[in-house]
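Participant: One line per chain: the protein sequences are A and B, in this order. Everything in the first sequence is counted per the numbering used here, starting at 1 for the first residue and increasing by one. Everything in the second sequence is counted per the numbering used here, starting at 1001 for the first residue and increasing by one. Positions of the beta carbon are idealized from the N, C-alpha and C atoms, including for glycine. Just passing along the structure, written as structure tokens.
Number of protein chains: 2
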Amino acid sequence: MNVTFSERMSTLKPSVIREILKHSSDPNVISFSAGNPAPEAFPAKEIAVLCAQILLEEPIAALQYSLTEGYTPLRDHLRDYMKSRHEIGRDFDELIITSGAQQVIDLATKILCNEGDVVLCEAPSFIGSLNTFRSYHVRLHGIPMYSDGMDLNALEKALKTEPNIKFIYTIPNFQNPSGITMSYHKRKQLYALAKQYQKIILEDNPYGDLRVSGDPIPAIKSMDEDGLVIYAGTFSKVISPGLRVGYTVAPKELIQKMVVGKQCSDVHTNVLAQMICSQFMTHYDYDEHLLRMKEIYTRKSSLMLREIDKHLSPLGITHEPVQGGLFVWCTLPDTIPMPEFCARAVEEKVCVVPGNAFLTDESAPCQSFRMNFSTPSDQQIIDGVALLGKVAKQFLA
Amino acid sequence: MNVTFSERMSTLKPSVIREILKHSSDPNVISFSAGNPAPEAFPAKEIAVLCAQILLEEPIAALQYSLTEGYTPLRDHLRDYMKSRHEIGRDFDELIITSGAQQVIDLATKILCNEGDVVLCEAPSFIGSLNTFRSYHVRLHGIPMYSDGMDLNALEKALKTEPNIKFIYTIPNFQNPSGITMSYHKRKQLYALAKQYQKIILEDNPYGDLRVSGDPIPAIKSMDEDGLVIYAGTFSKVISPGLRVGYTVAPKELIQKMVVGKQCSDVHTNVLAQMICSQFMTHYDYDEHLLRMKEIYTRKSSLMLREIDKHLSPLGITHEPVQGGLFVWCTLPDTIPMPEFCARAVEEKVCVVPGNAFLTDESAPCQSFRMNFSTPSDQQIIDGVALLGKVAKQFLA
């Protein structure tokens, strides 16, 4: 039969990155296009030990239906941890567990946005979130980025002129795709603007623990005296993405509605995975683990930046500073057309992600591309960046 | 700040059952209100063995990001199994893994329904699905039930008169809450009507493997020569609900759009859980396991029906026949007001679910209530039904 899809979904396509990742399954291709955490960083042995213990001691709790809000010991521990470590969470807030941070984005949009409402987001921004917003037929208004975060003049102009803005979406630490970290000063200003215009901030912080240089900057949520911020966190980058365990801290009123939404989406998050995260945080030295993660990411990012300096910088290819996360955002000189560069790179068996994939308007001109340093091996980083240099040279010749 | 929720979510309340379940946490309360599978049916030891093996042999596959469509070996095995065992799946169909069958309901609604569109559903029906439909601002049109399934005259009238019907939702086997099984004849007629009016059928079959009496009836999906049926299945009732692994078989065009939707919801389903289900199906005798499940459910349902015959039937309380599933749907005589009966039962520390919770219009008059036999112990079944008889007698005195 002839199926008519809903308006919200009819024009939504699979993520461009997914299409590019199909090339990556070829073992001869060097992929800088993924966003996977480094597999050597997974605490696989510890997870195996915890899993065995949980299924021996509490099999019914792990396998039976559970609360939509999440596994209580994990919620309790995480609430304390986020408060004591990051000053996140006040008396008016609550914390629930979600199926990855992606579900926080999904639920926040579902409970707040009517079709046609506006979400302000960084431009570029995370394609997964942009697609979630689009899947509710929300209109996206992109705010250009400087190297210290959003252009706040453009933000204020949007706040003044756009009707029906429901929230401001930001990834303040090591943003995907740009790698940009919002300065402390800008975080305070952004919060003040949100307060002035009475808009919610959706603060997405998947990479916060993966800082490789510089000092940590307080989360916007830590400034939230007025109950304006929905904070999205995840274990995907620090324990394992396959487990699909994320969390959100937000004012209770919002959390209650998100719980109703989550009941309708997946009832609750996989319990065994929640128990693994809970026990991993409490049975092992979590700080030590995070330190080990940082070492891995520091080494890999340094290596990629060194190779970029060697092969790409001399050709006029610039990049944003990298303080952490998984990505380097490179920009080609005007003499090299970005789409053709990325296409030629694929022919040379190196995949990067064309930057326009991360724009609110994918057809807008863009000279940037995203490179990932966490998934490829050291040798792949060395070979792949050299190949990109070779490709760039062909355009300059 | 003063939050305004989206129209779709602003009136949606947490499930009534959740509120009732709060009473159930009192260990002195006998709960017939849950929908949990029998904990003694979980293959906990086998899952522990598989889990250890997976995390030893394939830790990276289990812990890394994975495909939105699901773990390939599980998809492949399940596709063959559903085809050979249930004649489900044709060349134009595809199978993907979801985070429980609830996510199939969610994605189907998201891709097919605009706000204000109509979904036809059985009345009563599963509250979790009704709330998902409501969460997309869909209008529900309930079709009354006979003991052999939907009133097809009422269905055809609705098909003729309702504008913008997007699909017909049915649970043909041991329906939640009514326990009713749709006859083979009605399944064929329902399919013919869907074909005539070119409407999609969303066939939800969480309990199909839990038949305790009578012969299996082919799924509506097995008749689907025209690509009209979205089939929702789950491991929640046969392996474990805590793992949150479901699946759907539907025409490829629909599946592709559901995959885009799933990317926006939770990226993919927990991989370890998918690997456990995959290996459980292939490394153990799955038929033998299903047989063991049936024995447990046959014993528990027989016990509850025996006690109902002893304590409730003499008082004029009737019930639908039980061929499987988890529930008995009881109806009070007109002389006993249902809401007061359920409230008095709670005072006597027995919880059942008021039947109106499952109606499209929860304020409509209803004399029925739902009882679950899978979660309580044998002794609780014996004591609880006797207590319900005592409560009913008080109204008749």
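Exposed or buried, what is isoleucine 1030 (chain B) when buried is set at 16 or more other beta-carbons lying within 10 Å of its beta-carbon?
Facilitator: As a first step, residue 1030 (chain B) is located in the second sequence; it is residue number 30 there, counting from the start. Buried.
Participant: Does any C-beta atom of chain A lie closer than 9 Å to the C-beta of lysine 1013 (chain B)?
Facilitator: By 1-based counting over the second sequence, the position of residue 1013 (chain B) is 13. Answer yes: the Cβ-Cβ gap between lysine 1013 (chain B) and chain A drops below 9 Å somewhere.
Participant: Serine 1099 (chain B): which of B:Pro1218, B:Gly1242, B:Tyr1191 and B:Leu1078 sits nearest, CA to CA?
Facilitator: For the purposes of this step, residue 1099 (chain B) is identified with residue 99 of the second sequence, where counting begins at 1. Out of B:Pro1218, B:Gly1242, B:Tyr1191 and B:Leu1078, B:Gly1242 has the C-alpha closest to the C-alpha of serine 1099 (chain B).
Participant: Between B:Val1003, B:Ser1147, B:Ser1033 and B:Lys1013, which has its C-alpha nearest alanine 1343 (chain B)'s C-alpha?
Facilitator: Mapped onto the second sequence, residue 1343 (chain B) falls at position 343. That would be B:Ser1033, whose Cα lies nearest to the Cα of alanine 1343 (chain B).
Participant: So which residues on chain A does glutamine 1102 (chain B) lean against when the C-beta distance must stay under 9 Å?
Facilitator: Working through the second sequence from its first residue, we reach residue 1102 (chain B) at position 102. In chain order: Gln263, Cys264, Ser265, Asp266 and Val267.
Participant: Quick one: measure Cβ to Cβ for alanine 38 (chain A) and isoleucine 296 (chain A), integer angstroms, because I've assumed they're closer than 8 Å.
Facilitator: Position 38 of the first sequence, counted from the start, is the residue given in the question as residue 38 (chain A). Position 296 of the first sequence, counted from the start, is the residue given in the question as residue 296 (chain A). Their Cβ separation, rounded to whole angstroms, is 5 Å, which keeps alanine 38 (chain A) and isoleucine 296 (chain A) in contact under 8 Å.
Participant: So, under 8 Å CB-CB, valine 1119 (chain B) and leucine 1152 (chain B) are touching, yes? Tell me the CB distance rounded to an integer number of Å.
Facilitator: On the second sequence, position 119 is the one that residue 1119 (chain B) refers to. On the second sequence, position 152 is the one that residue 1152 (chain B) refers to. So it is not a contact: roughly 17 Å between Cβ atoms.
Participant: Does any C-beta atom of chain A lie closer than 9 Å to the C-beta of isoleucine 1060 (chain B)?
Facilitator: Locating residue 1060 (chain B) in the second sequence gives position 60, where the first residue counts as 1. It does; some Cβ of chain A falls within 9 Å.
Participant: Does any C-beta atom of chain A lie closer than 9 Å to the C-beta of lysine 1221 (chain B)?
Facilitator: As a working mapping, residue 1221 (chain B) is identified with position 221 in the second sequence. Not an interface residue.
Participant: Starting from the Cα of glutamine 1263 (chain B), find the closest Cα among B:Leu1012, B:Gly1070 and B:Leu1063 and give me that residue.
Facilitator: By one-based count along the second sequence, residue 1263 (chain B) stands at place 263. Minimum Cα distance to glutamine 1263 (chain B) is reached at B:Gly1070.
Participant: In chain order, what residues of the same chain lie with their CB nearer than 7 Å to the CB of serine 1278 (chain B), ignoring the 5 residues before and after it?
Facilitator: As a first step, residue 1278 (chain B) is located in the second sequence; it is residue number 278 there, counting from the start. Tyr1071, Pro1073, Leu1074 and His1077.
Participant: Can you name the residues that DSSP bridges to serine 1178 (chain B)?
Facilitator: Walking along the second sequence from the start, residue 1178 (chain B) turns up at place 178. Beta-bridge pairing links serine 1178 (chain B) to no other residue.
Participant: Quick check: the Cα distance between alanine 232 (chain A) and glutamate 1162 (chain B), rounded to an integer number of angstroms?
Facilitator: Taking the first sequence and counting its residues from 1, the one referred to as residue 232 (chain A) is at position 232. Taking the second sequence and counting its residues from 1, the one referred to as residue 1162 (chain B) is at position 162. Approximately 41 Å between the Cα atoms of the pair.
Participant: Kindly indicate which three-state DSSP category serine 31 (chain A) falls into: helix, strand or coil?
Facilitator: Within the first sequence, the letter at position 31 stands for residue 31 (chain A). In the structure shown, serine 31 (chain A) sits in a strand (DSSP, three-state: E or B).
Participant: Does the beta carbon of phenylalanine 1373 (chain B) sit closer than 9 Å to a beta carbon anywhere in chain A?
Facilitator: In the second sequence, residue 1373 (chain B) corresponds to position 373, counting from 1. Phenylalanine 1373 (chain B) does not count as touching chain A.
Participant: Answer yes or no: does any C-beta atom of chain B fall closer than 9 Å to that of cysteine 351 (chain A)?
Facilitator: The residue labelled residue 351 (chain A) in the question sits at position 351 within the first sequence. No, its Cβ sits nowhere closer than 9 Å to a Cβ of chain B.
Participant: So with Cβ pairs under 9 Å, would you call arginine 75 (chain A) a contact of chain B?
Facilitator: The count along the first sequence starts at 1 and reaches residue 75 (chain A) at position 75. Closer than 9 Å: no.
Participant: Suppose the cutoff is 7 Å on Cβ atoms and the five residues either side in sequence are ignored; what does the same chain contact list for tryptophan 329 (chain A) look like?
Facilitator: Start at 1 with the first residue of the first sequence, and residue 329 (chain A) comes out as number 329. Closer than 7 Å at the Cβ level, and outside the excluded window around tryptophan 329 (chain A), lie Pro177, Ser178, Gly179, His319, Glu320, Ser368 and Arg370.
Participant: Given leucine 259 (chain A), which residues of its chain have a CB within under 7 Å of its CB, disregarding the five upstream and five downstream residues?
Facilitator: Here residue 259 (chain A) refers to the residue found at position 259 of the first sequence. Before going further, note that residue 259 (chain A) is valine rather than leucine in the sequence given. The residues are Thr68, Glu69 and Ile96.
Participant: With distances taken from CA atoms, which of B:Cys1366, B:Lys1294, B:Leu1388 and B:Pro1365 is nearest proline 1314 (chain B)?
Facilitator: What you label residue 1314 (chain B) is simply residue 314 of the second sequence in a count that begins at 1. Among B:Cys1366, B:Lys1294, B:Leu1388 and B:Pro1365, the Cα nearest to that of proline 1314 (chain B) is on B:Leu1388.
Participant: Just to confirm before moving on: does the CB-CB distance between leucine 210 (chain A) and valine 238 (chain A) stay below 9 Å?
Facilitator: Counted from its first residue, the first sequence places residue 210 (chain A) at position 210. Counted from its first residue, the first sequence places residue 238 (chain A) at position 238. It is a contact, given that the beta carbons lie within the stated cut-off.
Participant: Buried or exposed: where does aspartate 1091 (chain B) fall if 16 or more other Cβ atoms within 10 Å of its Cβ makes it buried?
Facilitator: For this step, residue 1091 (chain B) is matched to residue 91 along the second sequence. Exposed, by the Cβ-count rule.
Participant: By Cβ distance, which residues of its chain are closer than 8 Å to valine 1322 (chain B), with the 5 residues on each side in sequence left out?
Facilitator: Start at 1 with the first residue of the second sequence, and residue 1322 (chain B) comes out as number 322. Closer than 8 Å at the Cβ level, and outside the excluded window around valine 1322 (chain B), lie Phe1174, Gly1179, Val1212, Ser1213, Ser1301, Leu1305 and Val1328.
Participant: Cβ of histidine 283 (chain A) within 9 Å of Cβ of alanine 386 (chain A)?
Facilitator: One-based indexing of the first sequence puts residue 283 (chain A) at position 283. One-based indexing of the first sequence puts residue 386 (chain A) at position 386. No. Outside cutoff.
Participant: Does the Cβ-Cβ distance between methionine 1145 (chain B) and proline 1172 (chain B) come in under 9 Å?
Facilitator: Looking up residue 1145 (chain B) in the second sequence gives position 145. Looking up residue 1172 (chain B) in the second sequence gives position 172. In this structure, proline 1172 (chain B) does not lie closer than 9 Å to methionine 1145 (chain B) by Cβ.
Participant: What did DSSP end up calling glycine 1399 (chain B) once you bin it into helix, strand or coil?
Facilitator: Residue coverage of chain B in this structure runs from 1001 to 1397, which leaves residue 1399 (chain B) outside it and unanswerable.
Participant: In chain B, which residues lie with their C-beta within 7 Å of the C-beta of glycine 89 (chain A)?
Facilitator: The residue given as residue 89 (chain A) occupies position 89 in the first sequence. Residues of chain B passing the Cβ test: none, with the nearest at roughly 17 Å.
Participant: State the start and end residues of the unbroken alpha helix (DSSP H) segment that holds threonine 1072 (chain B).
Facilitator: The residue labelled residue 1072 (chain B) in the question sits at position 72 within the second sequence. Run containing threonine 1072 (chain B): 1072–1086, per the alpha helix (DSSP H) assignment.
Participant: Distance check for isoleucine 1168 (chain B) and leucine 1190 (chain B), CA to CA, integer angstroms please.
Facilitator: On the second sequence, residue 1190 (chain B) is found 190 positions in, with the first residue counted as 1. On the second sequence, residue 1168 (chain B) is found 168 positions in, with the first residue counted as 1. Near 9 Å, if we compare the C-alpha coordinates of isoleucine 1168 (chain B) and leucine 1190 (chain B).
Participant: Less than 7 Å between C-beta atoms, sequence neighbours within five positions excluded: which residues of the same chain meet that for proline 415 (chain A)?
Facilitator: For chain A, the structure presents residues 1 to 397; residue 415 (chain A) sits outside this window and is missing.
Participant: Count the other C-beta atoms from every protein chain shown that fall within 10 angstroms of the C-beta of glutamine 102 (chain A), then say buried if there are 16 or more, exposed otherwise.
Facilitator: For the purposes of this step, residue 102 (chain A) is identified with residue 102 of the first sequence, where counting begins at 1. So glutamine 102 (chain A) ends up on the buried side.
Participant: Between the Cα of serine 1006 (chain B) and those of B:Gly1384, B:Lys1390 and B:Arg1134, spot the shortest distance and give me the residue it belongs to.
Facilitator: Taking the second sequence and counting its residues from 1, the one referred to as residue 1006 (chain B) is at position 6. Here the closest residue by C-alpha is B:Arg1134.
Participant: Cβ of proline 337 (chain A) within 9 Å of Cβ of phenylalanine 395 (chain A)?
Facilitator: Taking the first residue of the first sequence as position 1, residue 337 (chain A) is located at position 337. Taking the first residue of the first sequence as position 1, residue 395 (chain A) is located at position 395. Yes, they are a contact pair.
Participant: Can you tell me which of B:Thr1181, B:Glu1253 and B:Ala1250 puts its alpha carbon nearest to the alpha carbon of proline 1218 (chain B)?
Facilitator: Here residue 1218 (chain B) refers to the residue found at position 218 when the second sequence is read from its first residue. Ranking B:Thr1181, B:Glu1253 and B:Ala1250 by Cα distance to proline 1218 (chain B) puts B:Thr1181 first.
Participant: State the CB to CB distance for the pair arginine 244 (chain A) and asparagine 270 (chain A), rounded to an integer number of angstroms; the pair is presumed to be in contact (CB under 8 Å).
Facilitator: Here the question's residue 244 (chain A) lines up with position 244 in the first sequence. Here the question's residue 270 (chain A) lines up with position 270 in the first sequence. Indeed they touch by this definition, with Cβ atoms about 7 Å apart.
Participant: To the nearest angstrom, how far is the alpha carbon of methionine 9 (chain A) from that of cysteine 351 (chain A)?
Facilitator: The residue given as residue 9 (chain A) occupies position 9 in the first sequence. The residue given as residue 351 (chain A) occupies position 351 in the first sequence. Approximately 28 Å, taken between the alpha carbons.
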